[in-house]
Amino acid sequence: MLGILLGALIYGAFADRHAFSQRTQYLNILGGLAWGVAGFAYIFSAQVNGNTAAFIWPQLNVVIATFGGITILHEHKSKRELKYTIWRIVLIVAGSVATSFA
16 MLGILLGALI YGAFADRHAF SQRTQYLNIL GGLAWGVAGF AYIFSAQVNG
66 NTAAFIWPQL NVVIATFGGI TILHEHKSKR ELKYTIWRIV LIVAGSVATS
116 FA
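Sequential numbering from 16 applies to the sequence shown in the working numbering.
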């Protein structure tokens, strides 16, 4: 993470002077910081909980992302698509729970 930050600063300073004047770049920084914090937390979680749980539980973000996309972004799903989406989410959660307790 620090290497990427250093590389971006060098690139912005020498190669593209307009890189840090765009609003989009600053919004991407927030996503990068969130990713960095999550990676840092993953390292500590792997030490405390073990690799299996530290990997499986964060992967459940697909549940939040799926329902967030449907509700917040107003993605249109037919009744059939919604039924299959919910069943897939149930299988993902069940597989995660079964794997973490095995």
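No residue lacks a Cβ here, since even glycine has one placed at the ideal position from N, Cα and C.
Quick caveat, the model's predicted, so the values are computed rather than measured.
Whether residue i touches residue j by CB criterion (8 Å)
{"i": "Ser115", "j": "Ile79", "result": "no"}
{"i": "Tyr99", "j": "Pro73", "result": "no"}
{"i": "Ser60", "j": "Ala69", "result": "yes"}
{"i": "Ile104", "j": "Thr81", "result": "yes"}
{"i": "Ser36", "j": "Leu75", "result": "no"}
{"i": "Ile101", "j": "Val77", "result": "no"}
For residue i, the first and last residue of its enclosing alpha helix (DSSP H)
{"i": "Gln62", "result": "Arg38 to Asn64"}
{"i": "Ala109", "result": "Lys94 to Ser115"}
{"i": "Gly22", "result": "Leu17 to Ile25"}
{"i": "Ile87", "result": "Where Ile87 is concerned, there is no enclosing alpha helix (DSSP H), given that its DSSP letter is neither H nor E."}
Distance between beta carbons of residue j and residue i, contact taken as under 8 Å
{"i": "Met16", "j": "Gly51", "result": "4 Å"}
Chain D within 8 Å of residue i, Cβ atoms only
{"i": "Leu45", "result": "Absence of chain D from the displayed structure is noted, only one protein chain being present."}
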